[in-house]
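In what follows, a single structure is set out as structure tokens and then discussed.
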Amino acid sequence: MASVVAQCHYIFGLRTGVINNICYFDEQTVIFPCGNNCVRYNIDQRWQRFIPGTEKSQGMQALAISANRRYLAVSERGEKGTITVYDLQHEQSRKRKVLSGGEVPVLEFVSMAFSPDSKYLIGQAGAPDWTLFYWMWEKQKVMASVKTTGSTNPINQVSFNPQDNTQICVSGNGVFKLFRYAEGALKQSNFLKLESHNFLSHTWMSEERVIAGTETGRLLVFESGDLRWEMSVTTKPATQEADRQLERRKPEEVKSEGAAPARMPRITAITSYSKGFACSAGPGTVCLFEKTEEKDNYRKTREIRIPADPCSNEPSHAEQQEMVTLCISPSEETLVTSTDRGQLYSITLSSAEMSKGEQAHFEFLSHSFHSNIITGLSICIRKPLIATCSLDHSVRIWNFETNVLELHKEFQEEAFSVALHPSGLFILVGFSDKLRLMNLLIDDVRTFKEFTVRGCRECVFSHGGHMFAAVNGNLIHIYSSTTFDNLLNLKGHNGKVRAIVWSTDDSRLVSCGMDGAVYEWNTLNSKRESESVLKSCSYTGVTISPDAKTIFAVGTDCTLKEIQDCQILREVAADDVAYTTIAMSRSGRVLFAGTSIGTVRAIKYPLSTQKDWIEYQAHSGAVTKMVITFDDQYLLTVSEDCCLLIWKIIDKEGRGLKRDKDITYAEEILITKSDLEEKNQIMMELKTRVEELKMENEYQLRLKDMNYNEKIKDLSEKFVQEIESLKTKNQVLKTEKEKQEMSHLEVTREVVEKHSREQQDFESTSNQKLMLEYEKYQELQLKSQLMQEGYERQLQAMEDSKGRALEELTLFYEAKLQEKMLMLGQCQDESRQQMREFEESKKQMEEDGDREIQDIRIKYERKLRVEKEINLRLKGETGVMRKKFSSLQKDIDDRNVEIEKLRVEQQKLRGVIKSLEKDILGLKKEIQERDETIQDKEKRIYDLKKKNQELEKFKFVLDYKIKELKKQIEPRENDIKEMKEQIQEMEGELDQVHKRNTQLELNITELKLKLKATDNEMHKETQRVRDVEALVRRFKTDLHNCVGFIQEPKRLKDSIRELYDHYVQQSDVVDIVGVDADIQREYSRQREHLERNVASLKRKLAKDTEVHRTENVKIMKENVSLIKEINDLRRELRLVRTQVHDNKSQSSISKKKLSSSDLTALTSVEGRGLVARLNFEEEAERIIQLQRVEIQRLKMQMQGQSHSLIPPSSSTKLPVLTT
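With my numbering applied, the sequence shown corresponds to residues 1330 to 2548, in that order.
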């Protein structure tokens, strides 16, 4: 057997056509079919485990998972339909049982379901019998079976009642039946005529209620088997959307359909959960229904749609996918769905319920998969990328290290072939009209060059990446990857070319075609080196050994051919299975072949005539392409089932497939200049926006702090006043409490005396009652003694009668026991006789078995002798091969000597390249220095702008403080007049400041003009650098063409001389030196001029800041004097208020103590004082009102002049207001 083993590592795709093709194992793991496997996929950690299908299976038909989520049932089609039950709790998901229809011929099972306790399983067989089987699956026992429908009405779904193991629901085209298992048979319990409805799906809502969905978009609710009510999932907006989609369709499609009516939304899937149920409602739509307060009704709460695909040529195509299966996670957090185009989508139900006002959309569960046959597969060397193309018009780029989809692009035409450049930065795609070379950008695939090659079914880059081959029918075109010239056209095939492969050194190209020819071409002179033609075979795949001496080809004749020196050395039969593709590992120790039934075989090399291979269950369709990565770590296969399968290659012996050195993959990506500039611009805008938001937030926080501080002061004053009032209340309450305590003490004393008297009276009466009760107790005691004696006599009589009855019963049962013992002896004799008969039959069977074993042993000993003779003959052949190997080793040593000579010449050329690179570095350093000077100047301008912003911040803060002070001050009219005069003086000063600001703005504009001039110079320098880089690129391409003559020294020498004459000229060197000196002098002159300008501007700025600072200090001092006067006025006002409050409190106290005669006199005096106080308060209110009017007028004037006000510096601060 082969020493190399392939293990399933990861798979991309979903198998369509499987009923219930996705289900939850736990909250993070889902199970779905892909290829010929079932995949356990962890959504969070993104790992996969595989459950392989059975051998010689023709494909899966349905899945079912048990209620306890421990067992998985898989229905497979074959010569005989089977159901395999797997134990998911076992680490390898081991196979538990295999169920079949027994004696009943069954081709397939179309639907299955586990019972609620997971002990029973039902399976619906397909056409023509449509038999329903009821198993106790652990014992593989068919409990009952029944025919559910006729041959014209197919069944779509079967299910168990979630509360009852014996009740089953079956639905289909014109069929809705309930069966109950009783007395070893399934009996129908409902009889409804529903031939007009085609039931596509159903679900149980409770023990009695079932909801079913039809092909016409109707929901029917059945209660105990009877139809209760029905409704439609179609709403007015949905019908309008369907009309719009019809209008968007191509006119050709409309013509072909004629006047057919619009398709109603099909309810293809439905599932229930605690709040209600979810069902599909036409293409790309799922509706959520919830229970209403009325028990029998449900209302639609949400519509969830599949979003349009932005990567598609027609984004609306994604919205037209039909839902196949709906599944809700065990915690009812997530809804997962699969579609008819092999895609998996999910949505969290909580987010769908929260976004009530917005349209809810599904997201991909993992990635977007191919939805049609995959026709192309390619890998590169410098990156862990896989490129695939498909008949679904898409090209996808996958990463086999991170197992993610990197890029996805859909086109208008079908893609037939794909090839990745070894660098991983370019891709070649063959379409029906042209062959296109595209750039792999960071987020897009863009066409770079088009070639007029129609219907290119095969295209491959050379290993060096400097050439690529493309097939056009029976022609092979070879193009240059750098100049895009058509270098060679290889003609010779009479039929279509099906596969091409490059040798490791790119000097040979091997092709095979449908004409039965395998050709080896020389890629330097387009000559045919070798050929092998077998017209009876149409070849489909070819590969070449690492030493380029042996070719392996597969085709329609079900054999693997080893071709060497135009001769077929050996053919290996494939057991009546056609090989479709083949690949060989870089170590040359193993061949991998894909078959037409979807399996993959690992074949040990050197080949033997016997069946020395390991076969793996891989795909459900024919393998179309197969590639091994360049480090021999992974095998990649694609198939007609739309799946990409990644295999991990493991070597049992630990040699050969080990990496020679760790490969470090490149991380570079391509991005266009416009995209990069756009992203940088967006980043700059976002940064400036963040800075602005920070400043705004800081300003708002300062304002809030000031507001809160003022509120705290007001609240503290209120609380102090309340505390004082509470203290007075507390004093009053204390005096009242003392009075109440005195009164309570007197009351308690009286109550205690009264209680002692009542207690004495109660004791005397209770003693008398106690004596009477004691006398009664003695009388009752005598009566009880008499009754006890009577009961003892009765008890003795009953015991005597019971003993006699017991003796009679023992005698009766002893007689019966003797009879039973006699019967038992007879049964034992019969069992001994049966045991003797069984032993006799057992001996006869053992003798027959021994005879058969002896015959088989003789047969296989003969085979063993034949095998030994073949082994001896093969050992002789290996000796001959060893001699050939030693001669080949000598040839390799000679070639190594020639390679060393060429390496010396290559080092000389590298020296020339290094000298040119040093010149380029010198130019780059000069550019960097100039960039640094420009950046320094930009930083200085930015710092000035920042200082200006800080000054504006202080201006805002001071404006706010001035407004607050104006609200709080209550000055007199004389103070307001003085402030008017001061404001007029400030207006004059503000005019002067405004003039200075205009002068500064003129200076800034001059600096900006100078900066633009320097930017223009910088652009000129960058243009020069680009010209130099273009020259270097041309030199590299010419040098690469010279390397093509590495095996012809004379032509190599002539081409290098031409290079020197073309690129190195003495006059050019002298001109460059002169130009560099002039540029340096001009640059130093301009630099000195700019530095002088900057120094003069700095001096002007220092003078202006000093003038502004003195003016601001003056304004601050005036503000300080005003604030001090305001504080003095506030203190006087507070003293007056406290005096008024004290007078009020003294008057209230004196009122309580004065007599009625004094009270009348006092009221007259108090009345006069009150009138005077009221007059004073009215006068104060009038003055405050006038002052507020005047402040309002001043505010209007200040707002008109605030734009030209320069705020004071941050070093001076206003004094704190005292209230």
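From the three backbone atoms N, C-alpha and C, an ideal C-beta is built for every residue, glycine too.
Note that this is a predicted model, so its numbers are computed, not measured.
With 16 other Cβ atoms within 10 Å as the buried cut-off, status of TRP1464: Taking the sequence shown and counting its residues from 1, one reaches residue 1464 at position 135. Buried is the call here.
Bounding residues of the beta strand (DSSP E) (the contiguous stretch that carries PHE1443): For this step, residue 1443 is matched to residue 114 along the sequence shown. It spans 1438-1443 - the beta strand (DSSP E) in which PHE1443 sits, taken as one unbroken run.
Beta-carbon gap between TRP1727 and PHE1341 smaller than 8 Å: The residue given as residue 1727 occupies position 398 in the sequence shown. The residue given as residue 1341 occupies position 12 in the sequence shown. Yes, these two residues count as a Cβ contact at 8 Å.
The beta strand (DSSP E) enclosing GLN1893, as first and last residue numbers: Within the sequence shown, numbered from 1, the residue matching residue 1893 stands at position 564. 1888-1893 is the extent of the beta strand (DSSP E) around GLN1893.
Host alpha helix (DSSP H) of ASN1815 (start-end): On the sequence shown, residue 1815 is found 486 positions in, with the first residue counted as 1. Note, ASN1815: premise wrong, no alpha helix (DSSP H); beta strand (DSSP E) at 1815-1819.
CB-CB length for THR1910 against GLY1923, believed under 8 Å: What you label residue 1910 is simply residue 581 of the sequence shown in a count that begins at 1. What you label residue 1923 is simply residue 594 of the sequence shown in a count that begins at 1. Correct: roughly 5 Å between the Cβ atoms.
Span separating the alpha-carbon of SER1925 from that of GLY1793: What you label residue 1925 is simply residue 596 of the sequence shown in a count that begins at 1. What you label residue 1793 is simply residue 464 of the sequence shown in a count that begins at 1. Between SER1925 and GLY1793, the C-alpha separation is close to 32 Å.
CB-CB length for GLY1671 against PHE1693, believed under 8 Å: By 1-based counting over the sequence shown, the position of residue 1671 is 342. By 1-based counting over the sequence shown, the position of residue 1693 is 364. Contact flag wrong, Cβ pair sits at about 12 Å.
Nearest-angstrom Cα separation, counted from ASP1970 out to GLN2173: Counting from one through the sequence shown, the residue named residue 2173 turns up at place 844. Counting from one through the sequence shown, the residue named residue 1970 turns up at place 641. Distance between the alpha carbons of GLN2173 and ASP1970: 53 Å.
Proximity below 8 Å, CB of ALA1846 to CB of GLU1858: The sequence position of residue 1846 within the sequence shown is 517, counting from 1. The sequence position of residue 1858 within the sequence shown is 529, counting from 1. No, these two residues do not count as a Cβ contact at 8 Å.
Exposure of HIS1948, with buried meaning 16 or more beta-carbon neighbours within 10 Å: Within the sequence shown, the letter at position 619 stands for residue 1948. Under this definition HIS1948 is a buried residue.
Alpha helix (DSSP H) segment containing PRO1300, residue limits: The structure shown does not extend to residue 1300, since the chain spans only 1330 to 2548, so no value can be given for it.
Proximal residues to ILE1372 (C-beta, below 6 Å), its chain only, five neighbours per side dropped: Locating residue 1372 in the sequence shown gives position 43, counting from the first residue. Same-chain partners within the cutoff: GLN1357.
Closest by C-alpha distance to SER1286, when choosing among CYS2371, GLU1651 and GLN1486: For the chain, the structure presents residues 1330 to 2548; residue 1286 sits outside this window and is missing.
Unbroken alpha helix (DSSP H) run spanning GLN2073, endpoints: Position 744 of the sequence shown, counting from 1, holds the residue named residue 2073. Reading off the sequence, residue 2073 comes out as His, not Gln. Per DSSP, HIS2073 belongs to the alpha helix (DSSP H) from 2002-2297.
Proximity to LYS1856 [Cα-Cα], best of TYR1868, SER1865 and VAL1839: On the sequence shown, position 527 is the one that residue 1856 refers to. When only C-alpha atoms are compared, the closest one is VAL1839.
Cα-Cα separation, ASP2184 to VAL2195: Within the sequence shown, numbered from 1, the residue matching residue 2184 stands at position 855. Within the sequence shown, numbered from 1, the residue matching residue 2195 stands at position 866. Rounded to the nearest angstrom, the two C-alpha atoms are 18 Å apart.
The region 1744-1757 / the region 1704-1719 touching (three or more Cβ pairs under 8 Å): Yes, the region 1744-1757 is in contact with the region 1704-1719.
Best match in ARG1423, LYS1738, VAL1499 and PHE1790 for proximity to LEU1749 [C-alpha to C-alpha]: Your numbering for residue 1749 matches position 420 in the sequence shown. Taking only the C-alpha atoms, the option nearest LEU1749 is PHE1790.
As assigned by DSSP and simplified to three states, the class of CYS2427: If you number the sequence shown from 1, residue 2427 lands on position 1098. Looking at the sequence itself, residue 2427 is Lys, so the reference to Cys does not match. Look at LYS2427 here: in three-state DSSP terms it is helix.
Burial state of TRP1558, where buried means 16 or more other Cβ atoms lie within 10 Å: Here residue 1558 refers to the residue found at position 229 of the sequence shown. With fewer than 16 other Cβ atoms within 10 Å, it is exposed.
Beta-carbon contacts of SER1525 that lie in its chain and below 6 Å, excluding the five residues immediately before and after: Along the sequence shown, read from residue 1 onward, the residue named residue 1525 stands at position 196. Excluding sequence neighbours, SER1525 sits near nothing in its chain.
For ALA1335, the nearest candidate out of PHE1438, TYR1945, VAL1871 and THR1411 (CA to CA): Here residue 1335 is taken as the residue at index 6 of the sequence shown, counted from 1. Nearest option by C-alpha distance: TYR1945.
LYS1954 (DSSP reduced to helix, strand or coil): Within the sequence shown, numbered from 1, the residue matching residue 1954 stands at position 625. Strand.
Backbone secondary structure at ASN1527 - three-state DSSP: Sequence index remark: in the sequence shown, residue 1527 carries index 198 (1-based). Under the three-state reduction of DSSP output, ASN1527 falls in the strand class.
For TRP1376, the first and last residue of its enclosing beta strand (DSSP E): Here the question's residue 1376 lines up with position 47 in the sequence shown. Here TRP1376 belongs to no beta strand (DSSP E), and DSSP marks it neither H nor E.
Contacts around MET1652, its chain only, beta-carbon distance under 7 Å, and the 5 residues preceding and following it disregarded: For the purposes of this step, residue 1652 is identified with residue 323 of the sequence shown, where counting begins at 1. Contacts found: THR1597, ALA1598, SER1609, VAL1615, THR1666 and THR1668.
Buried or exposed by the 16-neighbour rule on C-beta atoms within 10 Å, applied to LEU2231: Against the sequence shown, residue 2231 aligns to sequence position 902. When all chains shown are included, LEU2231 counts as exposed.
Nearest neighbour of SER2430, chosen from LYS2276, PHE2091 and ARG2414 [CA to CA]: For the purposes of this step, residue 2430 is taken as the residue at position 1101 of the sequence shown. In the sequence as displayed, the identity of residue 2430 is Leu instead of Ser. The residue among LYS2276, PHE2091 and ARG2414 with its C-alpha nearest the C-alpha of LEU2430 is LYS2276.
Pairwise C-alpha distance: GLY1503 and ALA1567: Residue mapping note: residue 1567 aligns to position 238 of the sequence shown, counting from 1. Residue mapping note: residue 1503 aligns to position 174 of the sequence shown, counting from 1. With a pLDDT of 39 at ALA1567, under the threshold of 50, the modelled position of this residue cannot be trusted; read the value that follows with caution. Going by the C-alpha atoms only, they are around 26 Å apart.
CA-to-CA distance, SER2425 to HIS2418, given in whole angstroms: The residue you call residue 2418 lines up with position 1089 of the sequence shown. The residue you call residue 2425 lines up with position 1096 of the sequence shown. Each residue's Cα considered, the two are about 11 Å apart.
Simplified DSSP state of THR1717, which is helix, strand or coil: Position 388 of the sequence shown, counted from the first residue, corresponds to residue 1717. Three-state DSSP puts THR1717 in a strand.
For ARG2466 and GLN2278, the rounded distance between their alpha carbons: Locating residue 2278 in the sequence shown gives position 949, counting from the first residue. Locating residue 2466 in the sequence shown gives position 1137, counting from the first residue. The straight-line gap separating the alpha-carbon atoms of GLN2278 and ARG2466 is approximately 45 Å.
Proximity below 8 Å, CB of ASN1818 to CB of GLY1842: Taking the first residue of the sequence shown as position 1, residue 1818 is located at position 489. Taking the first residue of the sequence shown as position 1, residue 1842 is located at position 513. Taking a C-beta distance under 8 Å as the contact criterion, ASN1818 and GLY1842 do not qualify as a contact pair.
Other residues of its chain near PRO1457: CB distance less than 6 Å, five sequence neighbours each side excluded: For the purposes of this step, residue 1457 is taken as the residue at position 128 of the sequence shown. Excluding five sequence positions before and after PRO1457, the CB atoms of its chain that fall closer than 6 Å to its own CB belong to SER1480, given in chain order.
Environment of ILE2187 [buried if 16+ CB atoms lie within 10 Å]: Within the sequence shown, residue 2187 is the residue found at index 858, counting from 1. Looking at its Cβ environment, which holds fewer than 16 other Cβ atoms inside 10 Å, ILE2187 is exposed.
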